[in-house]
Amino acid sequence: MKKFWAIFYARNIEFWRDKASLGWNFIMPFFLVTTIYFIFSDGQQYQYKVALYHSPTQIKDTQKLSFLSTKYIHFIQVDVLPDAIKKVKHHQYDLLIEIGSSYKYWINSSSPKSYILEKILLSDPPKQLTRQILKGGETNYIDWFIPGILGMNMMFSCLFGVGYTIVRYRKNQFLRRLKATPLTPFTFITAQVVSRLFIVSTVTSIIFFGCKLFINFKVEGSYLLLLLIMLLGAFCMISFGVMMAGRTKSEELAGGILNLVTWPMMLLSEIWFSLDGTPQWIQQLSQIFPLTHIIKAARAVMTEGSDFATISPHLITLTMMSIFFLIIGAYLFKWE
Amino acid sequence: MPPVLEVKNLYKVYGTKPAVNHIDFSIDENCCFGLLGPNGAGKTTTIEIIEGITKPTSGELFYMNHPIGAEFRQQAGIQFQNTALQDFLTVRETLILFHSLYQDTLPIEKLIEMCQLEEFLHQGVKNISGGQRQRLLLAIALANNPKILFLDEPTTGLDPSARRIFWDLINEIKKNKTAIVLTTHYMEEAYYLCDEIAIMDQGKIIAQGTPNSLLADYFDHVIIQIPKADFTLPIDHFNLPVFQQDESVEIHTDNVNMVIETLISNQISLNRLQIRSRTLEDLFIELTGSKLTS
Chain A
20 MKKFWAIFYA RNIEFWRDKA SLGWNFIMPF FLVTTIYFIF SDGQQYQYKV
70 ALYHSPTQIK DTQKLSFLST KYIHFIQVDV LPDAIKKVKH HQYDLLIEIG
120 SSYKYWINSS SPKSYILEKI LLSDPPKQLT RQILKGGETN YIDWFIPGIL
170 GMNMMFSCLF GVGYTIVRYR KNQFLRRLKA TPLTPFTFIT AQVVSRLFIV
220 STVTSIIFFG CKLFINFKVE GSYLLLLLIM LLGAFCMISF GVMMAGRTKS
270 EELAGGILNL VTWPMMLLSE IWFSLDGTPQ WIQQLSQIFP LTHIIKAARA
320 VMTEGSDFAT ISPHLITLTM MSIFFLIIGA YLFKWE
Chain B
311 MPPVLEVKNL YKVYGTKPAV NHIDFSIDEN CCFGLLGPNG AGKTTTIEII
361 EGITKPTSGE LFYMNHPIGA EFRQQAGIQF QNTALQDFLT VRETLILFHS
411 LYQDTLPIEK LIEMCQLEEF LHQGVKNISG GQRQRLLLAI ALANNPKILF
461 LDEPTTGLDP SARRIFWDLI NEIKKNKTAI VLTTHYMEEA YYLCDEIAIM
511 DQGKIIAQGT PNSLLADYFD HVIIQIPKAD FTLPIDHFNL PVFQQDESVE
561 IHTDNVNMVI ETLISNQISL NRLQIRSRTL EDLFIELTGS KLTS
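Residue numbers (this note's numbering), protein chains in the order written: chain A, 20 to 355; chain B, 311 to 604.
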């Protein structure tokens, strides 16, 4: 245990004294959050989003709805009706239409976009059209965006803070020196993982509550659940970093690999924009990224007030991924 | 008392080229064992195999009569040729870090005193001089109060004064009955510190013994140096090996009296005459340098 604390302590000191790295960890997410907040604070979105829920056998019916040929509306096919209803409630969709033997539509009574879309829909209404009204506060882009930016910061901190650091230690032969001591790889890796978990949790919590002070973003669900997501998510990312750094000797190669895994996550894990409306294969591909599960779980808790049971599939996925990454990382790890 | 370390038939090959070619040696308690040789001779590979950093192709290693294992890791002190440390730690924090990795250790304060770290104890490891860094690395190597200490070219790059300080530290360590394995390029250092020397070339030990016994084995003469301007005799006047250097003439002889008497009888001035014993450097060049240039 003494050895573990020695490595843990040394790694933490190294992190806090590396002013450039520390500054980057704090300044970058604050900067992005603030910028996005100012850009989107006027709430203007020029595209209407209409969700369509129907079964494949009833496609012909959709052709009878002239509303579907309206310009400047993004029509999104959805498969799960309750999820779509929830998104209308949270202003993520402006209108939802169920197409079956009859037509049913949902609008949010507090949404101006819903009001306009309903007017357009009713200008040429089909027969048997039923109206459903939902109520619910708007989810601002900043509410939606916060989990993404925190998740992204965690991703960079974990992957570069552990993966890149281990590669640097290996390259400058610090690991070689440790190899000549009684320290075991297990103790070394565990200390690295726990140290980074501590650092990331502290930094993320400071950023979260710092942003909350300045920007009153929405947190509908449990803070404890958010803490659990943060810890599990960070653990998963750190494990991924350990796996990546198992044998890599070159910092350049490590940088390349890290870019290779971070950029797809940046684009496909819904940090910046929702994947609603994108091809199904892209949405399925996004499920292989830990960041997707971190962000979706955090977003569900923050914007929809989801409980443990609702987000448990994400938590289970993150746990399984962590175990897989750690096993592979431990198998691959070499001091030199 | 068994040897602290025994190396038996050690062999390491990279591709088709043997880096260490079936070598044997043993080191007793309280012995400073010098491993000398030109670059690429196999010294560092040998040491790294013993330290457990590199795996041998074949051969056996024994520590205190047992195959090298966990006990060796706990009781061996190691100073690599190049050791990177964690950038943002101070000297004291670095020492504490390594100190914490061992069970039986010397007190931190004693290490600080032994290796004279007080004056730069709270400086970052990035900001200390080469000599200070080597003293810190020595303190790290001594943290576990080692029974055997490996020093791989510990004074390379140090100025003469820093080197002298380091030698004094090694001599202090020798008083604690610690066995030392030292590799160095400095023959003067090896002569000053080592009780036994092995000279390696092309992966093999080509000579081994105490410094004086090696010199006695290989050289039975001394060198008499006379400035060229003073030496007025024909070069073949003596029936001895005589070599003309840039500014002097060197006479190799085992009978100094005879040579001096001859010089006096020929009215050669002895005012600037020098008599020099053969050194380890001469031996090193004799054994390895000639081979390298052939």
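The beta-carbon is built from N, C-alpha and C at its ideal position, and this holds for glycine as well.
Inter-residue spacing [alpha-carbon to alpha-carbon] between residue i and residue j
i	j	result
residue 452 of chain B	residue 323 of chain B	31 Å
residue 311 of chain A	residue 287 of chain A	8 Å
residue 252 of chain A	residue 313 of chain A	6 Å
residue 35 of chain A	residue 395 of chain B	16 Å
residue 346 of chain A	residue 209 of chain A	12 Å
residue 404 of chain A	residue 227 of chain A	In the structure as shown, chain A starts at 20 and stops at 355, and residue 404 of chain A therefore has no counterpart that could be examined.
residue 192 of chain A	residue 597 of chain B	33 Å
residue 129 of chain A	residue 154 of chain A	7 Å
residue 107 of chain A	residue 340 of chain A	32 Å
residue 229 of chain A	residue 183 of chain A	28 Å
residue 457 of chain B	residue 500 of chain B	20 Å
residue 511 of chain B	residue 311 of chain B	31 Å
residue 427 of chain B	residue 442 of chain B	7 Å
residue 98 of chain A	residue 119 of chain A	13 Å
residue 468 of chain B	residue 477 of chain B	12 Å
residue 461 of chain B	residue 505 of chain B	15 Å
residue 365 of chain B	residue 528 of chain B	34 Å
residue 508 of chain B	residue 519 of chain B	7 Å
residue 146 of chain A	residue 122 of chain A	8 Å
Residue burial classification, residue i (beta-carbon count within 10 angstroms, cutoff 16)
i	result
residue 212 of chain A	buried
residue 376 of chain B	exposed
residue 410 of chain B	buried
residue 260 of chain A	buried
residue 601 of chain B	Per-residue confidence for residue 601 of chain B stands at a pLDDT of 42, beneath the threshold of 50, marking its modelled position as unreliable; the derived number appears in the next sentence. Exposed, by the Cβ-count rule.
residue 337 of chain A	buried
residue 200 of chain A	buried
residue 111 of chain A	buried
residue 233 of chain A	exposed
residue 538 of chain B	exposed
residue 306 of chain A	exposed
residue 445 of chain B	buried
residue 326 of chain A	exposed
residue 549 of chain B	exposed
residue 113 of chain A	buried
residue 323 of chain A	buried
residue 354 of chain B	buried
residue 356 of chain A	In the structure as shown, chain A begins at 20 and stops at 355. Residue 356 of chain A is therefore absent and cannot be evaluated.
residue 344 of chain A	buried
residue 419 of chain B	exposed
residue 326 of chain B	exposed
residue 292 of chain A	exposed
residue 481 of chain B	exposed
Same chain only: Cβ atoms within 6 Å of residue i, ignoring 5 sequence neighbours per side
i	result
residue 116 of chain A	71, 124
residue 12 of chain A	Residue 12 of chain A lies beyond the stretch modelled for chain A, which goes from 20 to 355, so this question has no answer here.
residue 238 of chain A	321
residue 534 of chain B	561, 569, 585
residue 25 of chain A	none
residue 266 of chain A	351, 353
Own chain residues within Cβ distance below 7 Å of residue i, not counting five before or after
i	result
residue 447 of chain B	389, 393
residue 367 of chain B	321, 322, 323
Other residues of its chain near residue i: CB distance less than 8 Å, five sequence neighbours each side excluded
i	result
residue 400 of chain B	431, 432, 433, 434, 435
residue 603 of chain B	In this prediction, residue 603 of chain B scores a pLDDT of 35, lower than 50, which makes its location untrustworthy; the coordinate-derived value is nonetheless stated afterwards. Answer for residue 603 of chain B: no residue qualifies.
residue 240 of chain A	319, 320, 321, 323, 324, 325, 326
residue 607 of chain B	No information on residue 607 of chain B is available, as it lies outside the stretch 311 to 604 that chain B covers here.
residue 133 of chain A	107, 113, 114, 126, 127
Residues of the region 369 to 388 of chain B whose Cβ lies closer than 9 Å to any Cβ of chain A, in chain order: 380, 383, 384, 386, 388
Alpha helix (DSSP H) runs wholly inside the region 337 to 386 of chain B, at least 4 long, in chain order: 353 to 361, 380 to 385
Along the region 198 to 218 of chain A, where does the CB come closer than 8 Å to a CB of chain B? Name the residues. 198, 199, 200, 201, 202
What are the complete beta strand (DSSP E) segments, minimum 3 residues, inside the region 76 to 145 of chain A? 92 to 97, 114 to 118, 122 to 127
What residues in the region 22 to 44 of chain A have a beta carbon less than 7 Å from any beta carbon of chain B? 22, 25, 29, 32, 33, 36, 37
Selection of the region 317 to 350 of chain B by Cβ proximity to chain A, strictly under 7 Å: none
Which residues, in order along the region 160 to 191 of chain A, keep a beta-carbon less than 8 Å from a beta-carbon of chain B? 188, 191
Which complete alpha helix (DSSP H) runs does the region 479 to 545 of chain B hold, if anything under 4 residues is left out? 497 to 503, 521 to 528
Quick one: complete beta strand (DSSP E) runs, 3+ long, within the region 396 to 447 of chain B? none
Give, in chain order, every unbroken run of the alpha helix (DSSP H) that is at least 4 residues long and sits entirely within the region 560 to 587 of chain B. 566 to 575
Residues of the region 352 to 370 of chain B with a CB closer than 8 Å to any CB of chain A: list them in chain order, please. 361, 362, 363
Mind listing which residues of the region 522 to 533 of chain B have their C-beta closer than 7 Å to chain A's C-betas, in chain order? none
Run through the region 262 to 333 of chain A for me and flag every whole alpha helix (DSSP H) of 4 or more residues, listed as ranges in chain order. 270 to 287, 299 to 305, 309 to 323
Would you list, in chain order, the members of the region 485 to 496 of chain B that have their beta-carbon closer than 8 Å to a beta-carbon of chain A? none
Contact list for the region 552 to 568 of chain B against chain A, Cβ threshold 8 Å: none
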